[in-house]
């Protein structure tokens, strides 16, 4: 993710401030994209926010302690092609459990999710119903690779609006994280 | 009928649903509490088992031993709870109504829902934040690469990916080990200590045979967990009794403490001990196998010696027996399955479907109905609850008309339970499957409707779900499916314009069925092999006929019989579709409607858009299963024969048969909602018909409908079927019970295997859907199991509402007014 490179040489405090500022930007972008259903940007924004939240939020980072995996999220029409790679992220003096985002499909991912199209992806992300199986049953998405990794990924993804303080996602949480 | 049976029946007459709280206050109170409970996810087993398996990861011990240790660890360390005044000790989970989570199967599927499962729209299941965190941080990460499905994916990624397409086939081994009936009578007679001693001796005897030695070791480890669990219940009850100020409750707790100190460790001596012993064993089995269709079995036979001895000695009153038995009913109903949101759509509202079987004949072929049969029927009448799934066997030549009418009266009273099973047909079909006559006569119903010799057949009776819609779609589209791209999935069998006769098209349908069956069996057997590797079942093996003698775990074929089951979704709709194809596309004598198969397929694929006349003809004029139309009779039998032909010749991973069945749980509604139109005139997204039940709202008389089903060759449906009938409510008079029973008997005499009823009219069900709280405990038969109407999804509710309703007196079809 390009953003990592831009902050790598700054102090820890400055890095934190830049991440917070970028998250604010992403929050606005996600809200706008969700409302307007600008689909490809919505997904990338969510993933970038996820990657930054791992750096900033210790509680959230606990979810991926020593976790390594890679995901490709794509659409059948080829308009969406994004990868999320969980790995150690080197930043200044410390190396943290983190995640990188790429706008290409990486090789040999742990799990690949293919949405029928952007609309199917948006429906999945915004439906208020995070059920992967339901999406498969409705033929809105297909999965290849380990399903359990996808279950975890969706769980992590669904925490983001709450962590960013986005209220207009249709999802309601039963408890606060 | 013996004088003693009449005496018991007379004593039972005073109890009714109306006076339950007055005459049996304990059961009245337990019923109220049961109705007030909401399901909660139970993570205790997942946590303790995972904890132990992590610790032994590097131990080098065989999997059978590690798993036995983990089961034992859980049983010995689980929380003991007493939520109410139930007279039995032991509970499936620590929650009043628990949904145990099995991480080795499909438990991780609720990971995305950890934050929402408590508040989701359909059947929420409570999960505390702390519990969600334990799952998220401790339990689920361990299982990510170890679940049974992921292990199978490593072996056969292609067929596993087809399973995940959801509409090709379903293999239930991803979620459970088996559906079966343990031989609990072994424990009642020998006690767990007796079984433990036997295993010890056998281990010494086979010290030169490593496999057997490990098996007997694992049995000892696993059953020790049962002993520890029962001892803990006893101690907890005694401790709680000390602090209890209510004299009645104190007495009850002391009684539980005494009983659980005695059983299941030792042989049962009293009815109360026998019932509690059986219940603790059932709970223990849930520690090993998931809580799906593990069946208590023929309770009126297993518990009879204990009941009659005490009843005759005057140490057990009818009231006490009702309280003990009713307590068992509530215990059996203390758990549901944990299901992700989508599974709610497919299996929504189901309990754990533990089947109890009553009546029928004994091993020698004589009338097995006894005093306890009537007592258990009375409990079924008094307690209209979802589980247990009570089934009444009836042998038209051996059982009395009084018994038949009593079962009918109970159904008319509680409007849903029990289901009727025909001993004549079912015993014969099991004999045809290789069971001895004696063993076949001792069959118990498994889960929804399946059949198996009790305690001898380690049946995985719900192994494969065949999607008949998809098979027909493939036959109509040159082998392609809606979810696997532009190429034929298995084989191209011809496009619609290539078939010149119905027989040619039937050939394509047959071929696609054969290929689907072959591939589904292959995947199921891979799952079976993985179960052998990872999920040995020493605890259940100790409570079964065969494994202890052979020194072989059930999962390796230790049982006397080793069947697997294959059920079919959408049989009636596909049958009607084949009838329509024959009638409209390949019938020169049809002067009302003729078109090519290619044109018909085009209309179907467009969901009959702009083809109203065609749709109306297909719906109302084409031959229909459930009538006496010769085309429908011929094709329904052909389909049944085909299912049998393609599966009966195949062997499962334990060397047993695949038994073909036709029951659908809630799947027919869920899958109907996500599939396209059919040549029968059924539009897209409409629920399929349930089980083997003719499609709803066909204008046919009751007798025609019953005869159409009864005429099917039951030797070719050895896994049985669910026939759902709906009658307009009538007064529960002797006359109506007689009429009801005689219709059932006529159906059985003509060859019907099973039938179950809803005594409801369209309006009541419509009202219950519109205002769920107006009738919150409305109990209905779905397709093999019972459910509270309000807990079913909208598709299933609609399917129940539109099911054809018949007038019991006239036998006439009552059409649904719009």
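Residue numbers (this note's numbering), protein chains in the order written: chain H, 7 to 183; chain A, 61 to 878.
Heads up, the beta-carbon is just placed ideally off N, CA and C, and yes, glycines get one too.
Values in this document were obtained by computation on a predicted structure and should not be read as measured data.
Can you pull the chain A residues whose beta carbon is under 7 Å from the beta carbon of residue i, in chain order?
i	result
residue 157(H)	168, 169, 171, 172
With H, G and I counted as helix, E and B as strand and the rest as coil, what does DSSP make of residue i?
i	result
residue 286(A)	helix
residue 181(H)	Any reading at residue 181(H) must be qualified, since the residue scores a pLDDT of 34, below 50, and its modelled position is unreliable; the value itself is stated next. It is coil, neither helix nor strand.
residue 15(A)	Here chain A has residues from 61 to 878 only, and residue 15(A) is not among them.
residue 141(A)	coil
residue 701(A)	helix
residue 127(H)	helix
residue 94(H)	strand
residue 18(H)	helix
residue 117(A)	coil
residue 239(A)	strand
residue 603(A)	coil
residue 161(H)	helix
residue 10(H)	helix
residue 521(A)	strand
residue 55(H)	helix
residue 100(A)	strand
residue 457(A)	coil
residue 482(A)	strand
residue 390(A)	helix
residue 276(A)	helix
residue 733(A)	helix
residue 643(A)	helix
Along chain A, in chain order, which residues have C-beta atoms closer than 8 Å to that of residue i?
i	result
residue 59(H)	Chain A residues near residue 59(H): none, gap ~16 Å exceeds 8 Å.
residue 68(H)	197
residue 160(H)	171, 172
In chain H, which residues lie less than 8 Å from residue i when you measure between Cβ atoms?
i	result
residue 732(A)	Result: empty, since nearest Cβ-Cβ is about 12 Å, beyond 8 Å.
residue 205(A)	152, 154
residue 405(A)	140, 143
For residue i, which residues in chain H fall below 7 Å Cβ to Cβ?
i	result
residue 210(A)	152, 154
residue 811(A)	The contacting residues do not exist; residue 811(A) stays about 36 Å from chain H at best.
Check the DSSP bridge columns for residue i and list the partner residues they point to.
i	result
residue 89(H)	78(H), 108(H)
residue 628(A)	526(A)
residue 780(A)	721(A)
residue 785(A)	817(A)
residue 95(A)	The partner list for residue 95(A) (beta bridge, DSSP) is empty, contrary to what the question assumes.
residue 321(A)	Residue 321(A) is not bridged to any residue.
residue 229(A)	526(A)
residue 160(A)	102(A)
Who are the neighbours of residue i on chain H, taking C-beta pairs under 9 Å?
i	result
residue 221(A)	148, 149, 150
Just to confirm, does residue i get its C-beta within under 7 Å of one of the non-hydrogen atoms of the ligand HEM?
i	result
residue 422(A)	Because no ligand of any kind appears in the structure shown, any question about the ligand HEM cannot be addressed here.
Assess contact between the segment 139 to 158 of chain A and the segment 92 to 107 of chain A, defined as three or more Cβ pairs (one per stretch) separated by less than 8 Å. Is contact present? Result yes; three or more Cβ-Cβ pairs closer than 8 Å.
Near-chain A residues of the segment 96 to 121 of chain H - C-beta to any C-beta below 9 Å: none
With 9 Å as the C-beta to C-beta threshold (strictly closer), list the residues of the segment 382 to 401 of chain A near chain H in chain order. Those would be 400, 401, in chain order.
Taking 8 Å as the threshold, find out whether the segment 744 to 755 of chain A comes into contact with the segment 674 to 691 of chain A through three or more Cβ pairs. yes
Indicate whether the contact test is met: 3 or more Cβ pairs, each with one atom in the segment 704 to 718 of chain A and one in the segment 652 to 662 of chain A, closer than 8 Å. no
Give the residues from the segment 138 to 155 of chain H that approach chain B closer than 9 Å (Cβ to any Cβ), ordered along the chain. Of the protein chains in this structure, namely H and A, none is chain B.
Check whether the segment 495 to 513 of chain A touches the segment 350 to 363 of chain A, counting contact only when three or more Cβ pairs, one atom from each stretch, lie closer than 8 Å. yes
Counting only Cβ-Cβ distances shorter than 9 Å, please list the residues of the segment 224 to 249 of chain A near chain H, keeping chain order. Cβ contacts with chain H: 224, 225, 226, 227.
Do the segment 129 to 146 of chain A and the segment 173 to 181 of chain A make contact, defined as three or more Cβ pairs closer than 8 Å? no
For the segment 531 to 548 of chain A, list every residue whose C-beta sits within 9 Å of some C-beta in chain H, in sequence order. Listed by position along the chain: 542, 543.
Within the chosen definition, does the segment 334 to 348 of chain A reach the segment 242 to 258 of chain A through at least 3 CB pairs nearer than 8 Å? Taking 8 Å as the limit for Cβ pairs, the verdict is that the segment 242 to 258 of chain A does touch the segment 334 to 348 of chain A.
Would you check if there are 3 or more beta carbon pairs closer than 8 Å linking the segment 217 to 229 of chain A to the segment 164 to 175 of chain H? no
Residues of the segment 175 to 187 of chain A with a CB closer than 7 Å to any CB of chain H: list them in chain order, please. 175, 176, 178, 179
Touching by the beta-carbon criterion (3+ pairs, under 8 Å), the segment 600 to 610 of chain A and the segment 689 to 709 of chain A: no
Pair every Cβ in the segment 289 to 308 of chain A with every Cβ in the segment 223 to 242 of chain A, then say whether three or more of these pairs are closer than 8 Å. no
Count the C-beta pairs between the segment 270 to 279 of chain A and the segment 631 to 645 of chain A that are closer than 8 Å, then say yes if the count reaches three, no if not. no
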